[in-house]
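Input: a single structure, listed below in C-alpha coordinates.
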Amino acid sequence: MSSTTDDKKMSIETIIHPEPEEDRPAWTTPFWPRLRDSLIEDPELFDHLHLECGICLTEMSIFRHDHTFTPDEGLTPKEKTRSHRACILPCGHMFGHKCLHTMIDEAVKEMEEGRAPELSCPSCREVFSPHRDCPHPHSGKFMPTTMEGVYKMPPAFSEGGILSHSCGNCIAIETISVVAALVPTFTPPLDLTERETLMVYGAADNGHMWWSVNFEQSNDVYDEVVREIPLGDALQRICDEIIERLKQNAKKRWYSEDFSELKFKVMLQRDIRPGMGYEEAVEVVPDGQANENEVLEAVRVLQDGQANENEVLEAIRVLQDGQARGELVWRLE
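For the sequence shown, the UniProt record's numbering gives the first residue as 1, with consecutive numbering after it.
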(Lines of atoms letter the chains of each structure in order from A and count residues from 1; the text may use other names and numbers.)
(Lines give C-alpha, C1' and ligand atoms only; values in the text may rest on other atoms or scores of the structure.)
Protein backbone atom coordinates (compact mmCIF):
# COMPACT_ATOMS: atom_id res chain seq x y z
CA MET A 1 0.00 0.00 0.00
CA SER A 2 2.79 2.38 0.96
CA SER A 3 4.65 1.66 -2.24
CA THR A 4 1.56 2.40 -4.33
CA THR A 5 0.99 5.67 -2.50
CA ASP A 6 4.61 6.68 -2.99
CA ASP A 7 4.36 5.86 -6.69
CA LYS A 8 1.28 8.07 -7.02
CA LYS A 9 2.99 10.91 -5.16
CA MET A 10 6.06 10.59 -7.33
CA SER A 11 4.01 10.54 -10.49
CA ILE A 12 2.05 13.67 -9.47
CA GLU A 13 5.29 15.35 -8.44
CA THR A 14 6.79 14.42 -11.79
CA ILE A 15 3.86 15.98 -13.63
CA ILE A 16 4.01 19.21 -11.60
CA HIS A 17 7.78 19.47 -11.64
CA PRO A 18 9.03 17.50 -14.64
CA GLU A 19 12.66 16.65 -14.98
CA PRO A 20 14.39 19.13 -17.29
CA GLU A 21 14.98 17.73 -20.75
CA GLU A 22 18.50 17.26 -21.94
CA ASP A 23 19.72 20.17 -24.04
CA ARG A 24 18.85 19.44 -27.64
CA PRO A 25 21.34 20.58 -30.25
CA ALA A 26 20.07 23.37 -32.47
CA TRP A 27 19.44 22.83 -36.16
CA THR A 28 21.85 25.06 -38.04
CA THR A 29 21.67 23.98 -41.69
CA PRO A 30 19.93 26.72 -43.75
CA PHE A 31 18.85 24.42 -46.59
CA TRP A 32 15.10 24.05 -46.93
CA PRO A 33 14.69 20.50 -48.37
CA ARG A 34 16.63 18.98 -45.45
CA LEU A 35 14.99 21.25 -42.88
CA ARG A 36 11.53 20.54 -44.32
CA ASP A 37 11.98 16.78 -44.11
CA SER A 38 13.25 17.04 -40.53
CA LEU A 39 10.30 19.26 -39.52
CA ILE A 40 7.86 16.75 -41.01
CA GLU A 41 9.55 14.01 -39.00
CA ASP A 42 9.63 16.09 -35.79
CA PRO A 43 7.63 19.36 -35.68
CA GLU A 44 9.19 20.23 -32.30
CA LEU A 45 12.29 21.12 -34.27
CA PHE A 46 10.66 24.54 -34.78
CA ASP A 47 11.76 25.33 -31.21
CA HIS A 48 15.39 24.38 -31.84
CA LEU A 49 16.39 26.37 -34.91
CA HIS A 50 19.47 28.53 -35.20
CA LEU A 51 19.72 29.47 -38.87
CA GLU A 52 22.41 31.82 -40.10
CA CYS A 53 22.01 33.94 -43.21
CA GLY A 54 24.28 32.73 -45.99
CA ILE A 55 25.17 36.34 -46.85
CA CYS A 56 25.91 38.11 -43.55
CA LEU A 57 26.36 34.97 -41.39
CA THR A 58 24.13 36.33 -38.60
CA GLU A 59 21.05 34.58 -37.23
CA MET A 60 17.77 34.90 -39.13
CA SER A 61 14.42 35.32 -37.38
CA ILE A 62 11.67 32.75 -37.93
CA PHE A 63 8.53 33.79 -36.05
CA ARG A 64 6.69 37.09 -36.45
CA HIS A 65 7.31 38.19 -32.84
CA ASP A 66 11.07 37.72 -33.36
CA HIS A 67 11.38 40.01 -36.38
CA THR A 68 13.25 43.25 -35.78
CA PHE A 69 13.46 46.28 -38.02
CA THR A 70 16.12 48.92 -38.49
CA PRO A 71 14.76 52.49 -38.56
CA ASP A 72 18.23 53.79 -39.36
CA GLU A 73 18.58 57.32 -40.65
CA GLY A 74 19.12 57.36 -44.38
CA LEU A 75 17.15 54.22 -45.16
CA THR A 76 14.20 54.46 -47.53
CA PRO A 77 10.70 53.79 -46.09
CA LYS A 78 10.69 50.44 -47.89
CA GLU A 79 14.07 49.44 -46.44
CA LYS A 80 12.91 50.29 -42.93
CA THR A 81 10.17 47.64 -43.16
CA ARG A 82 12.57 44.81 -43.94
CA SER A 83 13.49 42.44 -41.16
CA HIS A 84 16.07 39.65 -41.16
CA ARG A 85 13.32 37.05 -41.53
CA ALA A 86 14.40 33.78 -43.11
CA CYS A 87 13.65 33.59 -46.85
CA ILE A 88 13.87 30.50 -49.03
CA LEU A 89 15.04 30.64 -52.64
CA PRO A 90 13.75 28.09 -55.17
CA CYS A 91 17.06 26.23 -54.98
CA GLY A 92 16.43 25.66 -51.25
CA HIS A 93 19.12 27.89 -49.76
CA MET A 94 18.01 30.40 -47.14
CA PHE A 95 18.95 34.04 -46.54
CA GLY A 96 17.77 36.95 -44.42
CA HIS A 97 15.04 39.04 -46.04
CA LYS A 98 17.01 42.26 -45.66
CA CYS A 99 20.23 40.83 -47.11
CA LEU A 100 18.43 39.15 -50.00
CA HIS A 101 16.58 42.32 -50.99
CA THR A 102 19.74 44.41 -50.72
CA MET A 103 21.38 42.02 -53.19
CA ILE A 104 18.36 42.19 -55.50
CA ASP A 105 18.12 46.00 -55.29
CA GLU A 106 21.78 46.38 -56.24
CA ALA A 107 21.30 44.12 -59.26
CA VAL A 108 18.18 46.02 -60.37
CA LYS A 109 20.01 49.38 -60.16
CA GLU A 110 22.53 48.17 -62.72
CA MET A 111 19.83 47.27 -65.27
CA GLU A 112 18.04 49.47 -67.78
CA GLU A 113 14.55 50.52 -66.74
CA GLY A 114 11.95 47.86 -67.51
CA ARG A 115 14.47 45.01 -67.64
CA ALA A 116 14.95 42.41 -64.94
CA PRO A 117 18.41 41.20 -63.92
CA GLU A 118 19.41 37.56 -63.96
CA LEU A 119 19.80 36.59 -60.31
CA SER A 120 21.54 33.55 -58.91
CA CYS A 121 21.80 32.05 -55.44
CA PRO A 122 24.86 33.30 -53.50
CA SER A 123 25.49 29.75 -52.25
CA CYS A 124 24.99 27.45 -55.26
CA ARG A 125 24.80 30.01 -58.13
CA GLU A 126 21.53 28.51 -59.43
CA VAL A 127 19.59 31.16 -61.39
CA PHE A 128 16.23 31.91 -59.74
CA SER A 129 15.10 35.05 -61.61
CA PRO A 130 13.76 36.71 -63.78
CA HIS A 131 10.20 35.58 -64.39
CA ARG A 132 9.19 34.81 -67.95
CA ASP A 133 6.30 37.25 -68.33
CA CYS A 134 7.08 40.24 -66.13
CA PRO A 135 10.12 42.48 -65.52
CA HIS A 136 10.15 42.11 -61.74
CA PRO A 137 12.70 39.95 -59.88
CA HIS A 138 11.72 36.94 -57.83
CA SER A 139 12.46 37.39 -54.13
CA GLY A 140 11.93 33.93 -52.64
CA LYS A 141 9.37 32.87 -50.04
CA PHE A 142 9.32 33.44 -46.30
CA MET A 143 10.04 30.34 -44.26
CA PRO A 144 6.74 28.95 -42.93
CA THR A 145 6.14 28.94 -39.18
CA THR A 146 3.54 26.15 -39.01
CA MET A 147 3.34 22.60 -40.31
CA GLU A 148 0.44 23.65 -42.52
CA GLY A 149 2.75 26.19 -44.11
CA VAL A 150 5.51 23.59 -44.47
CA TYR A 151 3.22 21.35 -46.51
CA LYS A 152 2.18 24.28 -48.73
CA MET A 153 5.72 25.05 -49.84
CA PRO A 154 6.54 24.07 -53.44
CA PRO A 155 9.39 21.64 -54.10
CA ALA A 156 12.84 23.05 -54.77
CA PHE A 157 14.07 23.28 -58.36
CA SER A 158 16.05 20.07 -57.90
CA GLU A 159 12.83 18.33 -56.81
CA GLY A 160 10.74 19.44 -59.79
CA GLY A 161 9.60 22.90 -58.68
CA ILE A 162 9.37 25.70 -61.25
CA LEU A 163 9.35 29.50 -61.17
CA SER A 164 5.96 31.15 -61.74
CA HIS A 165 5.46 32.97 -65.04
CA SER A 166 5.09 36.34 -63.25
CA CYS A 167 5.93 37.83 -59.86
CA GLY A 168 3.42 37.68 -57.01
CA ASN A 169 2.41 41.32 -57.38
CA CYS A 170 1.71 41.00 -61.10
CA ILE A 171 -0.24 37.77 -60.60
CA ALA A 172 -2.33 39.47 -57.91
CA ILE A 173 -3.14 42.46 -60.15
CA GLU A 174 -3.90 40.20 -63.13
CA THR A 175 -6.19 38.02 -61.02
CA ILE A 176 -8.07 40.94 -59.49
CA SER A 177 -8.38 42.53 -62.94
CA VAL A 178 -10.14 39.38 -64.16
CA VAL A 179 -12.61 39.62 -61.27
CA ALA A 180 -13.07 43.35 -61.92
CA ALA A 181 -13.91 42.61 -65.56
CA LEU A 182 -16.64 40.20 -64.44
CA VAL A 183 -18.22 42.45 -61.80
CA PRO A 184 -20.51 44.43 -64.18
CA THR A 185 -21.86 41.17 -65.61
CA PHE A 186 -22.50 39.35 -62.34
CA THR A 187 -23.67 42.15 -60.05
CA PRO A 188 -26.94 44.11 -60.26
CA PRO A 189 -26.78 47.40 -62.23
CA LEU A 190 -25.82 50.36 -60.09
CA ASP A 191 -26.73 53.98 -60.70
CA LEU A 192 -23.28 55.43 -60.06
CA THR A 193 -22.60 59.13 -60.11
CA GLU A 194 -19.65 60.62 -61.99
CA ARG A 195 -17.72 60.71 -58.72
CA GLU A 196 -18.34 57.07 -57.79
CA THR A 197 -16.70 53.86 -58.92
CA LEU A 198 -16.36 50.20 -58.02
CA MET A 199 -13.04 49.08 -56.56
CA VAL A 200 -12.14 45.39 -56.49
CA TYR A 201 -9.81 44.31 -53.68
CA GLY A 202 -7.81 41.17 -53.12
CA ALA A 203 -6.33 40.46 -49.69
CA ALA A 204 -3.86 37.72 -48.76
CA ASP A 205 -1.71 36.71 -45.80
CA ASN A 206 -4.53 37.44 -43.34
CA GLY A 207 -4.90 40.96 -44.69
CA HIS A 208 -1.21 41.85 -44.41
CA MET A 209 -1.00 42.02 -48.22
CA TRP A 210 -3.68 43.60 -50.40
CA TRP A 211 -4.15 44.94 -53.90
CA SER A 212 -6.90 46.95 -55.58
CA VAL A 213 -8.11 47.56 -59.12
CA ASN A 214 -10.42 50.32 -60.32
CA PHE A 215 -12.39 48.90 -63.22
CA GLU A 216 -12.87 52.38 -64.68
CA GLN A 217 -9.08 52.78 -64.90
CA SER A 218 -9.42 56.36 -63.67
CA ASN A 219 -6.73 58.44 -62.02
CA ASP A 220 -9.26 59.94 -59.62
CA VAL A 221 -8.86 59.20 -55.92
CA TYR A 222 -11.98 57.46 -54.64
CA ASP A 223 -11.06 57.56 -50.97
CA GLU A 224 -14.50 57.38 -49.34
CA VAL A 225 -15.89 53.86 -48.92
CA VAL A 226 -19.68 53.95 -49.36
CA ARG A 227 -20.52 50.26 -48.98
CA GLU A 228 -19.52 46.74 -49.93
CA ILE A 229 -21.19 45.21 -52.99
CA PRO A 230 -22.09 41.51 -52.56
CA LEU A 231 -20.33 39.27 -55.08
CA GLY A 232 -23.36 37.05 -55.57
CA ASP A 233 -23.31 33.26 -55.83
CA ALA A 234 -22.18 33.02 -59.46
CA LEU A 235 -19.24 35.43 -59.14
CA GLN A 236 -18.27 33.92 -55.79
CA ARG A 237 -18.05 30.49 -57.45
CA ILE A 238 -15.75 31.92 -60.12
CA CYS A 239 -13.60 33.57 -57.43
CA ASP A 240 -13.41 30.26 -55.57
CA GLU A 241 -12.30 28.52 -58.77
CA ILE A 242 -9.60 31.14 -59.32
CA ILE A 243 -8.32 30.69 -55.76
CA GLU A 244 -8.35 26.91 -56.13
CA ARG A 245 -6.35 27.19 -59.36
CA LEU A 246 -3.78 29.37 -57.59
CA LYS A 247 -3.57 26.84 -54.74
CA GLN A 248 -2.97 24.00 -57.17
CA ASN A 249 -0.34 25.99 -59.07
CA ALA A 250 1.39 26.89 -55.78
CA LYS A 251 2.03 23.20 -55.09
CA LYS A 252 4.70 23.29 -57.78
CA ARG A 253 5.31 26.92 -58.73
CA TRP A 254 7.32 29.46 -56.78
CA TYR A 255 5.27 32.59 -56.12
CA SER A 256 6.69 35.37 -53.97
CA GLU A 257 3.26 35.75 -52.31
CA ASP A 258 0.95 33.29 -50.57
CA PHE A 259 -2.42 33.26 -52.34
CA SER A 260 -3.89 30.29 -50.47
CA GLU A 261 -6.22 32.53 -48.44
CA LEU A 262 -6.86 35.16 -51.11
CA LYS A 263 -10.20 36.93 -50.60
CA PHE A 264 -12.01 39.27 -52.99
CA LYS A 265 -14.21 42.26 -52.16
CA VAL A 266 -16.06 44.78 -54.30
CA MET A 267 -16.49 48.22 -52.75
CA LEU A 268 -18.49 51.22 -53.92
CA GLN A 269 -16.24 54.24 -53.37
CA ARG A 270 -16.58 57.96 -53.89
CA ASP A 271 -14.26 60.82 -54.78
CA ILE A 272 -14.90 63.45 -52.10
CA ARG A 273 -12.47 66.07 -53.36
CA PRO A 274 -13.84 69.41 -54.65
CA GLY A 275 -15.22 69.00 -58.17
CA MET A 276 -13.57 70.49 -61.27
CA GLY A 277 -14.94 73.43 -63.13
CA TYR A 278 -16.59 72.88 -66.49
CA GLU A 279 -13.59 74.13 -68.44
CA GLU A 280 -11.32 71.66 -66.58
CA ALA A 281 -13.41 68.61 -67.25
CA VAL A 282 -12.29 66.23 -69.98
CA GLU A 283 -14.75 63.82 -71.50
CA VAL A 284 -13.26 60.38 -71.96
CA VAL A 285 -15.05 58.15 -74.43
CA PRO A 286 -14.11 54.45 -74.12
CA ASP A 287 -13.01 52.88 -77.35
CA GLY A 288 -13.34 49.34 -78.61
CA GLN A 289 -15.78 48.11 -75.98
CA ALA A 290 -17.34 44.71 -76.53
CA ASN A 291 -21.04 44.54 -77.36
CA GLU A 292 -23.57 42.68 -75.22
CA ASN A 293 -23.48 39.45 -77.24
CA GLU A 294 -19.69 39.27 -77.06
CA VAL A 295 -19.77 39.78 -73.29
CA LEU A 296 -22.40 37.08 -72.78
CA GLU A 297 -20.45 34.66 -74.97
CA ALA A 298 -17.24 35.40 -73.04
CA VAL A 299 -19.01 34.71 -69.75
CA ARG A 300 -20.36 31.45 -71.16
CA VAL A 301 -16.84 30.36 -72.12
CA LEU A 302 -15.49 31.11 -68.63
CA GLN A 303 -18.37 29.30 -66.94
CA ASP A 304 -18.20 26.29 -69.25
CA GLY A 305 -14.91 25.03 -67.80
CA GLN A 306 -14.04 23.06 -70.96
CA ALA A 307 -12.57 25.82 -73.08
CA ASN A 308 -8.99 25.60 -74.29
CA GLU A 309 -6.36 28.14 -73.32
CA ASN A 310 -6.86 30.40 -76.34
CA GLU A 311 -10.62 30.52 -75.84
CA VAL A 312 -10.23 31.45 -72.18
CA LEU A 313 -7.70 34.18 -72.92
CA GLU A 314 -9.92 35.60 -75.67
CA ALA A 315 -12.90 35.63 -73.28
CA ILE A 316 -10.88 37.56 -70.72
CA ARG A 317 -9.73 39.99 -73.42
CA VAL A 318 -13.34 40.67 -74.41
CA LEU A 319 -14.40 41.24 -70.80
CA GLN A 320 -11.54 43.68 -70.36
CA ASP A 321 -12.74 45.71 -73.36
CA GLY A 322 -9.87 44.75 -75.57
CA GLN A 323 -7.08 45.42 -73.09
CA ALA A 324 -5.29 42.09 -73.26
CA ARG A 325 -3.06 41.29 -70.29
CA GLY A 326 -1.12 38.41 -71.78
CA GLU A 327 -1.27 34.98 -70.24
CA LEU A 328 -3.23 35.38 -67.01
CA VAL A 329 -3.75 33.01 -64.13
CA TRP A 330 -6.39 31.23 -66.23
CA ARG A 331 -3.62 29.69 -68.33
CA LEU A 332 -4.12 25.94 -68.61
CA GLU A 333 -0.54 24.68 -68.42
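Glycine is no exception: its CB is placed at the ideal position from the N, C-alpha and C atoms. Note that the structure is a prediction, hence the values are computed from the model and not measured.
Asked	Found
Expected contact under 8 Å - CB spacing of Ala204 and Leu262 to nearest Å	5 Å
Closest Cα partner of Glu103 within the set Asp191, Asn249, Glu118	The displayed chain sequence assigns Met, not Glu, to residue 103. When only C-alpha atoms are compared, the closest one is Glu118.
Inter-residue Cα distance where the pair is Arg85 and His50	12 Å
Three-pair Cβ contact test at 8 Å for the stretch 190-199 versus the stretch 238-251	no
Ala116, DSSP secondary structure in three states	coil
Neighbour-count burial assignment, Glu159, 16 or more Cβ in a 10 Å radius	exposed
Outcome for Gln269 when other beta-carbon atoms lying within 10 angstroms are tallied against a minimum of 16	buried
Supposed close pair Trp32, Gly96 - CB separation, criterion 8 Å	Not really, about 14 Å apart at Cβ, beyond 8 Å.
Sufficient close CB pairs (3 or more, under 8 Å) joining the stretch 145-156 to the stretch 224-236	no
Where Ser177 sits in the DSSP three-state scheme	helix
DSSP-derived helix/strand/coil call for Thr197	strand
Same chain, Cβ closer than 7 Å to Pro154, five either side skipped, listed in chain order	Gly161, Ala250, Lys251, Lys252, Arg253, Trp254
Cβ-based burial, His138 [other Cβ within 10 Å; buried from 16]	buried
DSSP-derived helix/strand/coil call for Glu280	Residue confidence for Glu280 is low, a pLDDT of 43 falling below 50, so the modelled location carries little weight and cannot support an answer.
Cβ neighbour criterion (16 or more within 10 Å) applied to Ile173	buried
Alpha carbon of Val221 to alpha carbon of Thr175, nearest angstrom	22 Å
Local conformation of Ser158 per DSSP, three classes	helix
Proximity below 8 Å, CB of His131 to CB of Asn169	no
Buried versus exposed, by CB contacts within 10 Å (16 or more), Pro188	exposed
8 Å Cβ cutoff met for Cys167 and Ser256	yes
Minimum C-alpha distance to Ser260 - residue among Met209, Thr29, Val213	Met209
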